[in-house]
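A.B. asks: What the sequence shown shows, in the numbering used here, is residues 1247 to 1464, in sequence order. Cβ coordinates follow ideal geometry from the N, Cα and C atoms, glycine included.
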Amino acid sequence: MSLKHNQIVGKTGCFVKEKLRGAEAGHDWWHIDRVRRTAVNIAKEEDVDMLVIELGALLHDIADPKFHGGDEEIGPKTASDFLKLMDVDRTVIEHIDNIIRNISFKNSFDKKSFSSLEMEIIQDADRLDAIGAIGIARTFNYGGFKGSEIYNPDIEAIEFKSKEDYKKSNGPTINHFYEKLLLLKDKMNTKKGKEIAKKRHKYMLDYLDQFYQEWEGN
Ligand code: ADP
Ligand code: NI
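(1) Would you report the Cα separation of E1300 and Y1424, rounded to the nearest angstrom?
(2) Check for me: the alpha helix (DSSP H) holding L1428 runs from which residue to which?
(3) Rounded to the nearest angstrom, what separates R1412 and R1373 at their Cα positions?
(4) Inspect the beta-carbon positions of Y1397 and P1418 and report whether they are closer than 7 Å.
(5) Between the alpha carbons of I1345 and G1316, how many angstroms are there, rounded?
(6) For the alpha helix (DSSP H) that Y1397 lies in, which residues bound it at each end?
(7) Under 8 Å by Cβ, that's how I've got I1471 and L1329 pegged, so tell me the actual separation to the nearest angstrom.
(8) According to DSSP, is S1198 helix, strand or coil?
(9) Spatial neighbours of R1280 within its chain, please: CB distance less than 6 Å, with the 5 preceding and 5 following residues excluded, ordered by chain position.
(10) Span of the alpha helix (DSSP H) holding T1436?
(11) Which residues are close to the ligand NI, meaning CB closer than 5 Å to any heavy atom, in chain order?
(12) Determine the extent of the alpha helix (DSSP H) in which L1297 is found, giving its start and end residues.
(13) DSSP on M1450, reduced to helix/strand/coil?
(14) What number of angstroms, rounded off, separates the C-alpha of N1253 from the C-alpha of E1460?
(15) Is Y1388 near the ligand ADP - that is, is its Cβ less than 6 Å away from at least one heavy atom of it?
(16) Is it right to say H1314 is buried, meaning 16 or more other beta carbons lie within 10 angstroms of its own, or is it exposed?
(17) Measuring only the C-alpha atoms, how far is D1295 from I1367?
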């Protein structure tokens, strides 16, 4: 790993941390930091470009459209502009642009338009942060941020078929487990990602079990 690699990653980390100051706690700098660590952990066992892994993880949520009035261009543009200033290779910048455009769960409803092993690893790391103990914490935080109910037995979970419907969803937070979180285990790309997801998935099932028992007064 060259000094240049560490310098670029370090400066990118500072840039992202500053940009995400005050972000909703489920999508803040600490989410990015966890995704980077998990991505590096998965990538250690694969033959990949580590610079793309680290920069892609750091920049994947640089301007999430759901916090920017639905604008899907601002994230890739912010990342590319920054990386150009840092004199990063054009091929690396293009790769990261593609990762940011394609990584999101909501885009998994559309036909895949880009894929690479680096993107699959970062996507696994991002999805792992959406499940397990941390996933539960993030989900309730985001539900609170949106003003959702925790649970409402009269409102059933929806099986979303399109990105547009998914984005409009405004059910209780517990429904989000069925609408997204419990589906992620079977969407993992890498062997290591699948292994970690299995454990975190089981933890969520146990959590839901306990939740319903307590709801009934037991
Ligand atoms: P992505 O960032 O991959 O497009 P989302 O933005 O849909 O995925 O979700 C990221 C995280 O935000 C989820 O894992 C969850 O913790 C939280 N979240 C998203 N939508 C909801 C929702 N309707 N209710 C509660 N939490 C949500
Ligand atoms: Ni993310």
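C.D. replies: Reading off the structure:
(1) Rounded to whole angstroms, E1300 to Y1424 spans 31 Å at the Cα level.
(2) Boundaries for L1428: no alpha helix (DSSP H) harbours it, and the DSSP string shows neither H nor E there.
(3) Note that residue 1412 is Tyr in the sequence shown here, rather than Arg. Approximately 16 Å, taken between the alpha carbons.
(4) yes
(5) Between I1345 and G1316, the C-alpha separation is close to 18 Å.
(6) Unbroken run through Y1397: none, as it is neither H nor E.
(7) A query on residue 1471 cannot be resolved here, the shown segment of the chain reaching from 1247 to 1464 and no further.
(8) No statement about residue 1198 is possible, as the shown extent of the chain runs from 1247 to 1464 and does not include it.
(9) D1375
(10) That residue, T1436, is in no alpha helix (DSSP H); it is neither H nor E in DSSP.
(11) Counting every residue whose Cβ lies closer than 5 Å to a heavy atom of the ligand NI, we get D1307 and D1372.
(12) M1296 to L1305
(13) helix
(14) Note that residue 1253 is Gln in the sequence shown here, rather than Asn. Between Q1253 and E1460, the C-alpha separation is close to 50 Å.
(15) yes
(16) Exposed is the call here.
(17) 11 Å
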